[in-house]
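K.L.:
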Ligand code: NAD
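In our numbering, the protein residues as written are 10 to 264.
1) How should residue 49 be labelled, buried or exposed, when 16 other C-beta atoms within 10 angstroms of its C-beta is the threshold for buried?
2) Taking the alpha carbon of residue 232 as the reference point, which residue from 249, 220, 215, 258 has its own alpha carbon closest?
3) Below 8 Å on the Cβ atoms is my contact criterion, and I expect residue 41 with residue 65 to pass it. Report the Cβ-Cβ distance as a whole number of Å.
4) I'd like to confirm something about residue 144: is its beta-carbon nearer than 6 Å to some heavy atom of the ligand NAD, or not?
5) Evaluate residue 18 with the Cβ neighbour count: other Cβ atoms within 10 Å of its Cβ, from every protein chain shown; 16 or more gives buried, anything less gives exposed.
6) Could you pull out every unbroken beta strand (DSSP E) segment of at least 3 residues lying fully inside the region 72-124, listed in chain order?
7) Between residue 161 and residue 86, what straight-line distance do the alpha-carbon atoms span, to the nearest angstrom?
8) How big is the Cα-Cα spacing for residue 51 and residue 22?
9) Answer yes or no: the CB of residue 91 versus the heavy atoms of the ligand NAD, is any distance below 6 Å?
10) I'd like the span of the alpha helix (DSSP H) that includes residue 251, first residue to last.
11) So for residue 188, helix, strand or coil by DSSP?
12) Do residue 218 and the ligand NAD come close, with the Cβ less than 6 Å from some heavy atom?
13) Using beta-carbon positions only, say whether residue 118 and residue 185 come within less than 7 Å of one another.
14) Quick one: Cα of residue 221 to Cα of residue 134, how far?
15) Provide the residue(s) that pair with residue 143 in DSSP beta bridges, ordered along the chain.
16) Quick one: what's got a C-beta closer than 7 Å to residue 68's C-beta in the same chain, skipping five residues either side?
17) Rounding to the nearest angstrom, what Cα-Cα distance links residue 28 and residue 120 in this structure?
18) How big is the Cα-Cα spacing for residue 196 and residue 55?
19) Give the range of the alpha helix (DSSP H) segment to which residue 161 is assigned.
20) Compute the Euclidean distance between the alpha carbons of residue 35 and residue 58, then round it to the nearest angstrom.
21) Does the region 143-162 come within contact of the region 87-107, defined as at least 3 CB pairs closer than 8 Å?
22) Residue 163: which of 240, 224, 132, 111 sits nearest, CA to CA?
23) Can you confirm whether residue 260, when its beta carbon is compared against all beta carbons of chain B, has any partner nearer than 7 Å?
24) Taking Cβ positions, are residue 226 and residue 182 nearer each other than 7 Å?
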């Protein structure tokens, strides 16, 4: 389905981003990986899928490094047809105790990076009159939780940015949509389970209490499920899905 397209998935060395990169590769897209940590492990998961892939180490808190990554994508892959803005970090503290450096980092990586990759990908997409921009927001782009001021502000910002971009592109072959996952069991969420374990809960109780507070299904969303939804949004059938904030959340925001 996606043969001949190139997908850049930011933050694709782990978790949701890696799941989406694998799903897009299975549909034939060439993949540009990005992120920190186990880069070789991520590459190994793409081996054998029969697609070309590359890796760029840009730190998405830096506009300059994003510019370098996008120039590299143009030179090496002829541009980015599918842009999945997925990289994100979390920090949990009350507003009046929230460290200023954490606020700045979350806004830079979770929100401003989405602006920079989008503005730099758009000229190439417009030249081809085809593109898919898929921003991994969160249920926290739609509703709030305590102690996550920076994350909630950034994710609401991503949803707003997605809508504006979709309107500006409405009469082109380029769509822009946001995915709003509920809990997905990735390193980002494991940290929050670990914090509960540190306060004395057993691992099972910590997992159950985390899910039970917010996610009516009582089950985690999976990176594979988000990968499938991403592939749908890349398909011709999704051509008129524009500016959506699509929750996949076990019922979280239905409450
Ligand atoms: P994760 O920690 O497993 O992966 C985050 C990825 O981002 C990693 O590849 C990491 O290396 C990369 N990254 C972090 N800082 C970076 C930086 N400065 N520059 C480049 N890459 C950087 O987390 P995840 O749970 O897979 O989260 C992926 C996205 O999904 C995030 O935007 C997150 O907010 C969102 N999300 C996660 C959940 C969840 O329950 N896990 C729910 C809703 C939304």
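Think of the CB as a built atom: it goes at the ideal place given N, C-alpha and C, for glycine as much as any other residue.
P.N.:
This is what the structure holds:
1) exposed
2) 258
3) 6 Å
4) no
5) buried
6) 91-94
7) 34 Å
8) 5 Å
9) no
10) Taken as a continuous stretch (DSSP letters only), residue 251 belongs to no alpha helix (DSSP H), as it is neither H nor E.
11) strand
12) no
13) no
14) 42 Å
15) 93, 186
16) 74
17) 21 Å
18) 20 Å
19) 158-177
20) 6 Å
21) yes
22) 111
23) In the structure shown, chain B cannot be found, because there is only a single protein chain.
24) no
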